[in-house]
Structures are given as structure tokens and as C-alpha cells.
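The structure under discussion appears below in the form of C-alpha cells.
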Amino acid sequence: MEPEPPTISKELLAAVKEGDESANRSLVEILYPAVRANVRNHLRKRADHDDVTQEIFLKIFLKIEQYRGPQPFDHWVSRIAVTTCYDWLRKQRVRPLVAYSDLSEPEVAVIENSLKVTKAETSDTQRELFSGLLEKLIATLKPREQIVIRLLDLEERSVREIEALTGWGSSKIKVTAMRARRKLAEQIKQLEMQSQGDPETI
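Going by the working numbering, the residue at position 96 of the sequence shown is 412; the numbering climbs one at a time, nothing skipped.
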């Protein structure tokens, strides 16, 4: 059984606000695993992870005087992490649709196999490959769509939780998710058609 992560006490936060360097280091050590996981979940490019993680911690320390509760401190940090990832995605150029020629041989096999087998017959390896393909497809969505689809479908968070993390209304979240799913389904359909040699899609 994994040990419980250290708690963030009021005393520690007070020391951080006072500029205590030791308290600052302790806070970073406690928060780092969760912040890093948040970045990995929302940004596909590993090369961006260090820069975004540093930016999140910079914002945490710059804004820590603003934290008054009542939400738990780690929830407040998660919101900063999600919004920072969203802002980072907005700065990047949206990638074009994934073409059949962009796929690796294993990913091609997954697409072709999806036309022949049911989900129950899919192996763990195939599911892992499809997960990698899905990551490529999600990266082509608009930044807001990427954030929502990851939180809602991949992390299985509720609409209410996403509202708290992003500040977006429930209607906006639901509509964004619907559009994102539609785009992903259309891309998968296009790839399946290309795998069958449809001349209009190659």
C-alpha cells in the first residue's frame, strides 16, 4: 500500500506566504507529483512538460496570497495547473488532421483491425496502441476541446468538477465535449476509410 502524500498544513502555507525558503521547498516537494501528472495528462509533447511545470509553480507562488479557501489548497493548485495547460495549448498552432500516412505500422494495424473485431476481442496491446492513436487525434482538437475531453472522458471527472477546475459553465463544457467527440469520431472514420483504400480520402 502506497504511503499517503504529506498534507499541506495551514502552518506550512503561512510560512510560504512569509517567504520561508525551507517552506517553499517543502511545498514544491509535496505538490510536484500531482502537478507533473496534471501536465502529462494535458500536454502530449514531453518537451513542453518542464517549462509548463515551472510556469505552474511560478503562478502558485505569485498568487498564493490570493488563496483564502474554502476549497482545499490542492484543488486551487489543480485549477492553476489546468488553466496553465489550456493557455499553453492556445499558444501552440493547432495541428492538421492526422493522415493515414502519418500513422505507424502498429497504428495502421489497429485501424484495420477495428473493422474486423469487437471491443471484447481487442487485446491489451491493441488497446494500448489505440490509446496512443487517440492521443494523436486529441492533439488536433482546439485547446478547450482537448482540456474538456481529457478531463471528462480520460480522467472521468464530472461536469461539476470540470466547472470548478476551469471556471467554464456546464453548458459550455457539454457542448465542447459533444463537438470534440464528433470530431474524433469523424477522424477515426476517415482513417478507416483510408485503410480500405477509398480514393477520395487518400
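Where is the CB? At the ideal position from N, CA and C, for every residue including glycine.
Proximal residues to Val344 (C-beta, below 8 Å), its chain only, five neighbours per side dropped: As a position in the sequence shown, residue 344 is number 28, starting the count at 1. Once the five neighbours on either side are set aside, the close Cβ partners of Val344 are Phe373.
Reduced DSSP secondary structure (H/G/I, E/B, other) of Arg384: Start at 1 with the first residue of the sequence shown, and residue 384 comes out as number 68. Arg384 falls in the coil class under three-state DSSP.
Is Cys401 closer than 8 Å to Val475 when the C-beta atoms are compared? Counting from 1 along the sequence shown, the entry for residue 475 is found at position 159. Counting from 1 along the sequence shown, the entry for residue 401 is found at position 85. Not closer than 8 Å, so no.
For Ile376, which residues of its own chain have a beta-carbon under 7 Å away from its beta-carbon, when the five flanking residues on both sides are left out? Counted from its first residue, the sequence shown places residue 376 at position 60. Result list for Ile376: Val393, Ile396, in chain order.
Ala353, enclosing alpha helix (DSSP H) - first and last residue: Numbered from 1 along the sequence shown, position 37 holds the residue referred to as residue 353. That run of the alpha helix (DSSP H) goes 337-358.
Could you check the C-alpha separation between Glu461 and Arg495 for me, to the nearest Å? Within the sequence shown, numbered from 1, the residue matching residue 461 stands at position 145. Within the sequence shown, numbered from 1, the residue matching residue 495 stands at position 179. Between the C-alpha atoms of Glu461 and Arg495 there is a straight-line separation of about 8 Å.
Quick check on the burial criterion: 16 or more other C-beta atoms within 10 angstroms. Buried or exposed for His358? Taking the first residue of the sequence shown as 1, we reach residue 358 at position 42. When all chains shown are included, His358 counts as buried.
Between the C-alpha atoms of Ala493 and Asp336, what's the straight-line distance to the nearest angstrom? Working through the sequence shown from its first residue, we reach residue 493 at position 177. Working through the sequence shown from its first residue, we reach residue 336 at position 20. Computed Cα separation, rounded: 43 Å.
Tell me whether Thr323 is buried or exposed, calling it buried when 16 or more other Cβ atoms sit within 10 Å of its Cβ. Numbered from its first residue, the sequence shown carries residue 323 at position 7. It counts as exposed.
With a Cβ-Cβ cutoff of 8 Å, do Leu457 and Lys499 count as a contact? In the sequence shown, the residue the question calls residue 457 occupies position 141. In the sequence shown, the residue the question calls residue 499 occupies position 183. Contact flag set, yes.
Could you pull out every residue in the same chain whose Cβ sits closer than 7 Å to the Cβ of Glu381, ignoring the five residues on either side in sequence? Residue mapping note: residue 381 aligns to position 65 of the sequence shown, counting from 1. Counting only Cβ-Cβ distances below 7 Å, and skipping sequence neighbours, we find Lys333.
Does DSSP put Ala330 in a helix, in a strand, or in coil? Here residue 330 corresponds to residue number 14 of the sequence shown, with the count starting at 1. Three-state DSSP puts Ala330 in a helix.
Give a yes or no on whether the C-beta atoms belonging to Leu347 and Ala339 are separated by under 8 Å. Locating residue 347 in the sequence shown gives position 31, counting from the first residue. Locating residue 339 in the sequence shown gives position 23, counting from the first residue. Taking 8 Å as the cut-off, the Cβ atoms of Leu347 and Ala339 do not count as close.
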